[in-house]
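In the UniProt record's numbering, the protein residues as written are 1 to 308.
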């Protein structure tokens, strides 16, 4: 299944906060989520509001990115159809980022703070304290406790994370982008020989695929909690995707011609990182993503932005 989440920081999300600061607009959003896409006249009729009031508030919601609209032909003229864009809105008051050097910014994203997903079973999440929700139920990826996740896994699909484009905010030129994350394949139990093609995409563009050799369980991960079964995935490989002006590299080895120019980062206020196993993967061996409290590295997903 696929669900969308909107993550904002207050300073950059004023329009979203304004969009939510009205009982009328909240009622419209709830109605669209309950009933599905509707036109302005139907919204006005259900909520007993003047059409002009609905039209004005729909524009505020659209400007905030909380809904999208389409004009469709009607019996007389056209009608504006309204669609909700996100199932949840998360307000983050502090991004965990720091300057690595004078010309670089590092952003750390908890693995449970994904803004979109589409996964198939076997799948699941757990925190350092225990299992989150139900195993092998994709709906569990909607559980609010996902924010505490230190390990997640699935067979096919993806999770997507929305990072702030701090270079754009600083009006700086990006010269290199690096994503670092601990990964392994996923198999019931574990197997050192279980290859899986894991693909990284940035802003909707595939930048490169790394083939994980297996799902590792020969020894307990350095940070994996003692309650986690020994027959379960214990640790992964710390992988680095680096995108520069001349292509994409995994652990320093050039794997594709996808460059920074192709990603058009100047045109985006955020950097969307998607990690997953594609349906047409040659080696569809699932994926484990390790975060803080699990694996060998005790870190979240790290995005490094180098500027010139």
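Every residue gets a Cβ at the ideal spot worked out from N, C-alpha and C, and that includes glycine.
> So, helix, strand or coil for residue 141, using DSSP?
Replying inline: Position 141 of the chain shown, counted from the first residue, corresponds to residue 141. Note: residue 141 maps to helix in three-state DSSP.
> Out of curiosity, what's the CA-to-CA distance linking residue 150 and residue 181?
Replying inline: Here the question's residue 150 lines up with position 150 in the chain shown. Here the question's residue 181 lines up with position 181 in the chain shown. For residue 150 and residue 181, the distance between alpha carbons rounds to 12 Å.
> Closest to residue 106 by CA distance: which of 166, 75, 27 is it?
Replying inline: Residue numbering aside, residue 106 sits at position 106 when the chain shown is read from its first letter. Per the C-alpha coordinates, the member of 166, 75, 27 positioned closest to residue 106 is 166.
>> Closest to residue 238 by C-alpha separation, out of 272, 89, 247, 178, would be which residue?
In response: Start at 1 with the first residue of the chain shown, and residue 238 comes out as number 238. With distances taken between Cα atoms, residue 238 lies closest to 178.
>> Taking the alpha carbon of residue 223 as the reference point, which residue from 299, 90, 19 has its own alpha carbon closest?
In response: In the chain shown, residue 223 corresponds to position 223, counting from 1. That would be 299, whose Cα lies nearest to the Cα of residue 223.
> How many whole angstroms separate the CB atoms of residue 6 and residue 89, which I take to be in contact at a CB cut-off of 8 Å?
Replying inline: Position 6 of the chain shown, counted from the start, is the residue given in the question as residue 6. Position 89 of the chain shown, counted from the start, is the residue given in the question as residue 89. 5 Å between Cβ atoms; contact.
> Does the separation of the CB atoms of residue 31 and residue 46 fall below 8 Å?
Replying inline: Here residue 31 refers to the residue found at position 31 of the chain shown. Here residue 46 refers to the residue found at position 46 of the chain shown. In this structure, residue 46 lies closer than 8 Å to residue 31 by Cβ.
> Can you name, in chain order, every residue of its own chain whose Cβ lies under 8 Å from the Cβ of residue 147, other than the five neighbours on each side?
Replying inline: By 1-based counting over the chain shown, the position of residue 147 is 147. The beta carbon of residue 147 is closer than 8 Å to those of 110, 112, 113 in its chain, skipping five residues each way along the sequence.
> In chain order, which continuous runs of the alpha helix (DSSP H) of length 4 or greater are located wholly inside the segment 221 to 272?
Replying inline: If one requires a minimum length of 4 residues, the alpha helix (DSSP H) runs lying completely within the segment 221 to 272 are 260 to 263, in chain order.
> Between residue 201 and the rest of its own chain, which residues show a CB-CB distance below 6 Å, the 5 nearest in sequence each way excluded?
Replying inline: Position 201 of the chain shown, counted from the first residue, corresponds to residue 201. Only 274 meet the Cβ criterion.
> Buried or exposed: which applies to residue 40, given that a residue is buried once 16 or more other Cβ atoms fall within 10 Å of its Cβ?
Replying inline: As a working mapping, residue 40 is identified with position 40 in the chain shown. Buried.
> Candidates 266, 34, 242: which alpha carbon is nearest residue 255's?
Replying inline: Here residue 255 is taken as the residue at index 255 of the chain shown, counted from 1. Nearest option by C-alpha distance: 242.
> What is the DSSP secondary structure of residue 156, reduced to helix, strand or coil?
Replying inline: Locating residue 156 in the chain shown gives position 156, where the first residue counts as 1. In the structure shown, residue 156 sits in coil (DSSP, three-state: anything other than H, G, I, E or B).
> Where does residue 191 sit, in a helix, a strand or coil, going by DSSP?
Replying inline: Your numbering for residue 191 matches position 191 in the chain shown. The three-state secondary structure of residue 191, taken from DSSP, is strand.
> Does the distance from the C-beta atom of residue 157 to that of residue 276 stay below 8 Å?
Replying inline: Within the chain shown, the letter at position 157 stands for residue 157. Within the chain shown, the letter at position 276 stands for residue 276. Note that the C-beta distance between residue 157 and residue 276 is below 8 Å.
> Candidates 33, 209, 232, 37: which alpha carbon is nearest residue 79's?
Replying inline: The residue you call residue 79 lines up with position 79 of the chain shown. Nearest in C-alpha terms to residue 79, of all of 33, 209, 232, 37, is 37.
> Which residue from 284, 218, 210, 77 puts its Cα closest to that of residue 253?
Replying inline: To locate residue 253, count along the chain shown from 1; it is residue 253. Residue 253 has its Cα closest to that of 210, out of 284, 218, 210, 77.
>> If you measure between the beta carbons of residue 258 and residue 245, is that distance less than 8 Å?
In response: Position 258 of the chain shown holds residue 258. Position 245 of the chain shown holds residue 245. With respect to residue 245, residue 258 sits apart: the two C-beta atoms are not nearer than 8 Å.
>> Please report the distance separating the alpha-carbon of residue 55 from that of residue 43.
In response: Within the chain shown, residue 55 is the residue found at index 55, counting from 1. Within the chain shown, residue 43 is the residue found at index 43, counting from 1. So the two alpha carbons sit approximately 10 Å from each other.
> residue 81 and residue 67: beta carbons closer than 8 Å?
Replying inline: Taking the chain shown and counting its residues from 1, one reaches residue 81 at position 81. Taking the chain shown and counting its residues from 1, one reaches residue 67 at position 67. Not closer than 8 Å, so no.
>> Would residue 232 and residue 217 be called neighbours here (beta carbons separated by less than 8 Å)?
In response: The sequence position of residue 232 within the chain shown is 232, counting from 1. The sequence position of residue 217 within the chain shown is 217, counting from 1. Taking 8 Å as the Cβ cut-off, residue 232 and residue 217 qualify as a contacting pair.
> In chain order, what residues of the same chain have a beta carbon less than 8 Å from the beta carbon of residue 265, not counting five sequence neighbours either side?
Replying inline: By one-based count along the chain shown, residue 265 stands at place 265. Excluding its 5 nearest sequence neighbours in each direction, residue 265 has C-beta neighbours in its own chain below 8 Å: 165, 167, 168, 174, 177, 203, 271, listed in chain order.
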